[in-house]
DNA sequence: AAATCTAATTACTTTATGTTACTAAAGAAT
DNA sequence: ATTCTTTAGTAACATAAAGTAATTAGATTT
C-alpha cells in the first residue's frame, strides 16, 4: 500500500464535531429568529408573529412546541381574556444567544459587503 | 384606543435582523459540517464523505453544488486518475467560520452539561 | 475481462415546510 | 340577543427539502 501523503482524517480540527449538538436546537426553519426575538425578553404568540411577518401561525406554533419540548423556551398561559400565551427563553435557550449573535454579526457584514458590491 | 403597555415592536433589539443573511449560507442540512471540515483546509469529496459517515453521496454532492453557487466553496477537478475533486472555502466561506466556532462552543457546553446531568 | 476507485446522478420515498381556511371562548359593539 | 373582534391555535392540503438504493463512466489493478 502506497504512502498516503494526505491525511485521511481531519486531525487538526477539534476532536469532536459538536456542531450537531447545537444545530439540533438552532436548526429548523425560523428557530433562530424566534430565539432572536425572545432574547429581548418574553413575548406573546401574536407579538412574535408580527416580529416575523412572513411566518405562518402554523409554523410558529409548531416551532414553539418543538422548542418547548427541547427545553429552549417556556410557555405560560396568562389568565387574560382572550387568554394570551407568553413565551420566554430558558437558561438553555439563553446559552444559544452568543452563537446567534456571531451569526448575526456575520450576516451584517455580508449585507454591507453586498451593498458595497452593488 | 387604549394605551398599550407592552411594546408591539421589538425596539430594544438591533435595528435589522440579519440572521437570515447568514442562515441562507449556513442553512441546509450538513452545510455547517461541510464548512467545519473545510475550515481545516481543502478536502476532497471522498474525504468529506468519510469525515461525515452519515451523509449520503447525493446530499454531499447537492450541498457542495449549492455552496459553490452561493460562493462559499470552490471546486477544483484534479488531473488524476480516477479524477479527484478538491473543495475549499472561499473568502466568503471563511467569514462564516467564526459564527460556526461560536456554535461549536455552545454545542460543546451542551454536551458537557448533558454528561453531567446523566 | 472483471473488479475497484472516484465522483457523481437517477428514480423513488419520506419528512419538513408552507398556504389557506377554519375553530373556540370571552368581551365589546349594535 | 346577535354579531364582531381578538388570541392562539388546528385541520386539510400542496410543495420543497432530505434521505435511500441502485446505477454510471472512465481509468487502473488483478
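Protein chains in written order, with the working numbering: chain A, 1 to 118; chain B, 119 to 236. Note that CB positions come from ideal geometry on N, CA and C, so glycine has one too.
Secondary structure at residue 18 of chain A: coil, using DSSP grouped into helix, strand and coil. Taking the Cβ atoms as the reference, residue 99 of chain A lies roughly 14 Å from residue 38 of chain A, outside the contact range of under 8 Å.
Under a criterion of Cβ atoms nearer than 7 Å, the residues of chain B adjacent to residue 109 of chain A are, in order, 213.
Per the Cβ contact rule, the segment 148-168 of chain B is in contact with the segment 185-192 of chain B (3 or more Cβ pairs under 8 Å). Shown in chain order are the members of the segment 143-154 of chain B whose Cβ falls below 8 Å from a Cβ of chain A: 143, 144, 150, 151, 154. Using a Cβ-Cβ cut-off of 8 Å, residue 195 of chain B is close to nothing in chain A; its nearest Cβ partner there is about 16 Å away.
Any Cβ of chain B closer than 7 Å to the Cβ of residue 21 of chain A would place that residue at the interface, and such an atom is present.
Within chain A, the C-beta atoms nearer than 9 Å to that of residue 216 of chain B come from 102, 105, 106, in chain order. For the set A:21, A:35, A:44, A:109, the Cα lying nearest the Cα of residue 82 of chain A is the one of A:44. A distance below 6 Å between beta-carbons, with the five flanking residues on each side excluded, links residue 76 of chain A to the following residues of its chain, in chain order: 86. Closest in alpha carbon position to residue 105 of chain A, among B:225, B:230, B:215, is B:215. The CB of residue 18 of chain A comes closer than 7 Å to the CB of 222, 225, 226, 229 in chain B, given here in chain order. Excluding sequence positions up to five before and after residue 93 of chain A, its CB lies within less than 6 Å of the CB of 72, 73, all in the same chain and listed in chain order. Contact check for residue 88 of chain A and residue 220 of chain B: beta-carbon distance about 22 Å, past the 8 Å limit, so the pair fails to qualify. Counting only residues of its own chain and dropping the five nearest sequence neighbours on each side, residue 198 of chain B has no CB closer than 6 Å to any other CB. Looking at the DSSP output, residue 80 of chain A sits in no beta bridge, so it has no partner there. Only residues of its own chain outside the window of five on either side were considered, and among them 204, 206 have a CB closer than 6 Å to the CB of residue 160 of chain B, listed in chain order.
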